[in-house]
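Participant: Below you'll find the structure I mean.
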Amino acid sequence: DVKVTQSSRYLVKRTGEKVFLECVQDMDHENMFWYRQDPGLGLRLIYFSYDVKMKEKGDIPEGYSVSREKKERFSLILESASTNQTSMYLCASSRLVPPNEQYFGPGTRLTVT
Amino acid sequence: DQQVKQNSPSLSVQEGRISILNCDYTNSMFDYFLWYKKYPAEGPTFLISISSIKDKNEDGRFTVFLNKSAKHLSLHIVPSQPGDSAVYFCAAGGADGLTFGKGTHLIIQP
Numbered sequence: 433d434v435k436v437t438q439s440s441r442y443l444v445k446r447t448g449e450k451v452f453l454e455c456v457q458d459m460d461h462e463n464m465f466w467y468r469q470d471p472g473l474g475l476r477l478i479y480f481s482y483d484v485k486m487k488e489k490g491d492i493p494e495g496y497s498v499s500r501e502k503k504e505r506f507s508l509i510l511e512s513a514s515t516n517q518t519s520m521y522l523c524a525s526s527r528l529v530p531p532n533e534q535y536f537g538p539g540t541r542l543t544v545t
Numbered sequence: 045d046q047q048v049k050q051n052s053p054s055l056s057v058q059e060g061r062i063s064i065l066n067c068d069y070t071n072s073m074f075d076y077f078l079w080y081k082k083y084p085a086e087g088p089t090f091l092i093s094i095s096s097i098k099d100k101n102e103d104g105r106f107t108v109f110l111n112k113s114a115k116h117l118s119l120h121i122v123p124s125q126p127g128d129s130a131v132y133f134c135a136a137g138g139a140d141g142l143t144f145g146k147g148t149h150l151i152i153q154p
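Written as structure tokens, this is what we have:
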């Protein structure tokens with residue numbers, strides 16, 4: 433069974449704080465993804481990575497950065513958290529080649545006050 | 045511009061009946077399509093997929109139909125059960141990864 437874990441289920445941070453969200457997968461997947469989910473907006477891709485130290489911007493990268501130092505770990509960083517970054521953050525991983533369905537972690541509900 | 049559209053934000057179906065969730069897409073280059081199910085406060089879980097070269101794929105109570113000429117796919121759940129109440133996301137895959145729809149909230153009524 434594929435397992436994708438995220439460091440926190442719930443997080444409360446103050447405006448301006450630096451926030452780290454960590455994701456680990458145990459299936460040796462090449463691809464890893466960070467999404468945010470907001471009501472009425474579905475899943476929006478923030479960043480993805482297809483290899484160690486490689487990263488690509490998704491649809492909404494502004495205000496975020498990522499780090500992938502090891503194949504199994506993909507971190508999302510909010511350099512200076514703002515209230516409009518309050519959201520559910522979802523990490524996913526997949527194989528590089530099709531069929532490459534994405535497997536998701538349980539999500540982190542981040543609230544920025 | 046939305047490439048994957050789920051036009052029904054919610055759908056209510058009686059237990060035991062068929063649930064039909066719809067999805068439309070605009071990009072004819074998509075190679076495969078997937079459906080995910082999501083409960084509140086959990087990550088989406090993969091349900092079923094279909095390659096663009098097929099028109100039907102079945103897995104237990106779940107069947108996905110693809111109509112390439114209409115750029116339309118649908119997920120059929122028969123019979124619907126209370127545990128099927130969740131948000132369902134349609135996704136389309138191609139060279140650039142997955143593109144998700146905004147989701148349909150399925151509510152199964154007793």
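Chains as they are written, first to last, in our numbering: chain A, 433 to 545; chain B, 45 to 154.
Idealized CB from N, CA, C, for every residue including glycine.
Nothing here was measured: the structure is a model prediction, and the numbers come from that model.
Kindly list, in the order they appear in chain A, the residues whose Cβ is closer than 8 angstroms to that of residue 146 of chain B.
Facilitator: Counting from one through the second sequence, the residue named residue 146 of chain B turns up at place 102. Per Cβ cutoff of 8 angstroms: 472, 473, 474.
Participant: Going by alpha carbons, who is nearest to residue 151 of chain B out of B:83, B:105, B:109?
Facilitator: The residue given as residue 151 of chain B occupies position 107 in the second sequence. Minimum Cα distance to residue 151 of chain B is reached at B:83.
Participant: Any C-beta of chain A within less than 9 angstroms: which residues of the stretch 67 to 98 of chain B qualify?
Facilitator: Within the stretch 67 to 98 of chain B, the residues whose Cβ lies closer than 9 angstroms to some Cβ of chain A are 75, 76, 78, 80, 82, 85, 86, 87, 88, 89, 90, 93, 95, listed in chain order.
Participant: Less than 8 angstroms between the C-beta atoms of residue 94 of chain B and residue 77 of chain B, yes or no?
Facilitator: Within the second sequence, numbered from 1, the residue matching residue 94 of chain B stands at position 50. Within the second sequence, numbered from 1, the residue matching residue 77 of chain B stands at position 33. Cβ atoms of residue 94 of chain B and residue 77 of chain B: closer than 8 angstroms.
Participant: Hey, how far is the Cα of residue 532 of chain A from the Cα of residue 135 of chain B?
Facilitator: In the first sequence, the residue the question calls residue 532 of chain A occupies position 100. In the second sequence, the residue the question calls residue 135 of chain B occupies position 91. About 12 angstroms.
Participant: Could you list which residues in chain A have their beta carbon closer than 7 angstroms to that of residue 141 of chain B, in chain order?
Facilitator: Indexing the second sequence from 1 puts residue 141 of chain B at position 97. Near residue 141 of chain B (Cβ distances below 7 angstroms), the residues of chain A are 480.
Participant: Counting Cβ pairs closer than 8 angstroms, one from the stretch 55 to 65 of chain B and one from the stretch 95 to 105 of chain B, do we hit at least three?
Facilitator: The stretch 55 to 65 of chain B vs the stretch 95 to 105 of chain B: no contact.
Participant: Nearest to residue 520 of chain A by CA position, among A:443, A:437, A:436, A:493, is which residue?
Facilitator: On the first sequence, position 88 is the one that residue 520 of chain A refers to. The candidate whose alpha carbon is nearest that of residue 520 of chain A is A:443.
Participant: For residue 503 of chain A, collect the residues of the same chain with a Cβ closer than 6 angstroms to its Cβ; drop the 5 residues on either side in sequence, then sort them by chain order.
Facilitator: In the first sequence, the residue the question calls residue 503 of chain A occupies position 71. Here the set comprises 484.
Participant: Starting from the beta carbon of residue 541 of chain A, find every residue of chain B whose beta carbon is closer than 8 angstroms, and list them in chain order.
Facilitator: One-based indexing of the first sequence puts residue 541 of chain A at position 109. 85, listed in chain order.
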